[in-house]
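Working notes, beginning with the structure itself.
Residue numbers (our numbering), protein chains in the order written: chain A, 20 to 245; chain B, 78 to 163.
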C-alpha cells in the first residue's frame, strides 16, 4: 500500500492575508484611513465611537463597520449618531472579523465620501489579533476596570496594536487601578505603543484622541480625484 | 477560541488542492502549530477531527506538530489511493 505525501507548507492565514491586502489597496486608492478597534467586551469601544461620531463624524467623513457575535445593537447605537450607513457584521458565533467580511462590508459604504473608517471588532482580546483586516492600524482599547495586567496576559493583541486607548479613567478614584503599572506592562510587550487616556463617558481626555484622529486623517491626504 | 475558523480554513485548503476522489482517499492532514500562534492545539484537533469525519472527507485524521514561534501552517496532505507500493 502506498501513502503519498503532498507537501503544502502554506500558512493557514494566507488567504485571509491576500484578502486583507485587497482591502488595504481599496482603502488606499480611496484615501481612507482605517482603524481596527480591538478590545475585550465592555471596554467602551462603542461609547468611544459614539462620542467620536458626535464630534468628528461630519468633519472627517467617518464610516463604521461593527462586528458582533450576535445582535446589531452596537450598529444601531452608532447609527443614531451619524447620517451615514453603519454596516453591521453579525459573525454568527465567530470570535473575530475576517478580511472577507470587511471586504464585503466595504461594498455597502460610500468610500468616495469617507476619510476615516472605524472597524469595531468583536469584543475579544485573543482572536482578533490573528486576523489582518486590511486596516491602517489596530487600536487596542482597554479600561481601568480590567486590571493592570491585561497587556501581559494578552500580549499578542498589544504587540499587534500601534495605539492604545485606556478608557473609563473617570472611575480611577473608585478603583485600586495603578495607571503607571498598566502602561509599564503594555510598554513591556510593545515599547512603541502610543497611549490615550480617556473617559468616553465624561469626555475626559477625548480632545487628545480627536487631535490624533485629525492628524492621522490629514496625513493620509486629500481624497484622490475621480 | 478561533480554532473552528482555522480548522475550516485547513479543510478549504485541502479541498482546493485535491480532487473529489482524492479527498475521500485523504488519510492524514499535517498541521504545524506554533506555541505563540494563538491556537489551542487540542481544540484545533477536536475541530479538525469533527470536520474530517464528514463528506467530502472520509477517513482523514489530523496530525498536529507543535513548533516554537507563531507559525500556523498546513504542512502536508497524505493520500492512500489503494495502489501497491510497486
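Quick reminder that beta carbons are idealized off the backbone N, C-alpha and C, glycines included.
Leaving aside the five residues that flank residue 107 of chain B on each side, the residues in its chain whose CB is nearer than 6 Å to its CB run, in chain order, 140, 152, 153. Contact between residue 149 of chain B and residue 31 of chain A holds: CB atoms are separated by about 5 Å, below the 8 Å threshold. In this structure, DSSP gives residue 155 of chain A a state outside helix and strand, which the three-state scheme calls coil. Contact with chain B is absent for residue 124 of chain A, since none of that chain's Cβ atoms lies less than 8 Å from the residue's Cβ. Look at residue 101 of chain B: its C-beta is not under 8 Å from any C-beta on chain A.
At a cut-off of 8 Å between beta carbons, residue 193 of chain A makes no contact with chain B. Boundaries of the alpha helix (DSSP H) harbouring residue 203 of chain A: 198–208, taken from the DSSP string. Distances from the alpha-carbon of residue 34 of chain A to those of B:119, B:146, B:120, B:82 put B:82 closest. DSSP places residue 83 of chain A inside the beta strand (DSSP E), whose first and last residues are 81–87. For residue 140 of chain A, the closest C-alpha among the options A:172, A:180, A:132, A:167 is that of A:180. When Cβ-Cβ separations below 8 Å define contact, residue 26 of chain A makes contact with chain B. Apart from sequence neighbours up to five positions away, the residues of its chain that approach residue 91 of chain A with a beta-carbon distance below 8 Å are 85, 107, 109, ordered along the chain. Restricting attention to alpha helix (DSSP H) runs no shorter than 4 residues, the region 95–179 of chain A encloses them at 118–126, 169–172, 174–179, ordered along the chain. Nearest to residue 63 of chain A by alpha-carbon distance, out of A:47, A:43, A:49, A:96, is A:96. Taking a beta-carbon distance threshold of 8 Å, residue 126 of chain B does not count as an interface residue toward chain A.
Across the region 151–181 of chain A, CB contacts with chain B closer than 8 Å involve 175, in sequence order along the chain.
With 16 or more other Cβ atoms inside 10 Å of its own Cβ, residue 120 of chain A counts as buried. About 16 Å separates the beta carbons of residue 155 of chain A and residue 75 of chain A, which is beyond the 8 Å limit, so they are not a contact pair.
Counting along the chain, residue 94 of chain B sits inside the alpha helix (DSSP H) bounded by residues 80–94. Looking at the DSSP output, residue 156 of chain B shares a beta bridge with A:23, B:103. Taking residue 126 of chain B as the centre and dropping the five residues before and after it, the same chain places the C-beta of 138, 139 closer than 8 Å to its C-beta, in chain order. Proximity of the region 39–48 of chain A to the region 189–202 of chain A falls short of the contact definition, fewer than three beta-carbon pairs being nearer than 8 Å. Partner residues in the beta bridge of residue 150 of chain B, as assigned by DSSP, are A:30, B:109. At a C-beta separation below 8 Å, residue 94 of chain B has these neighbours in chain A: 25, 27.
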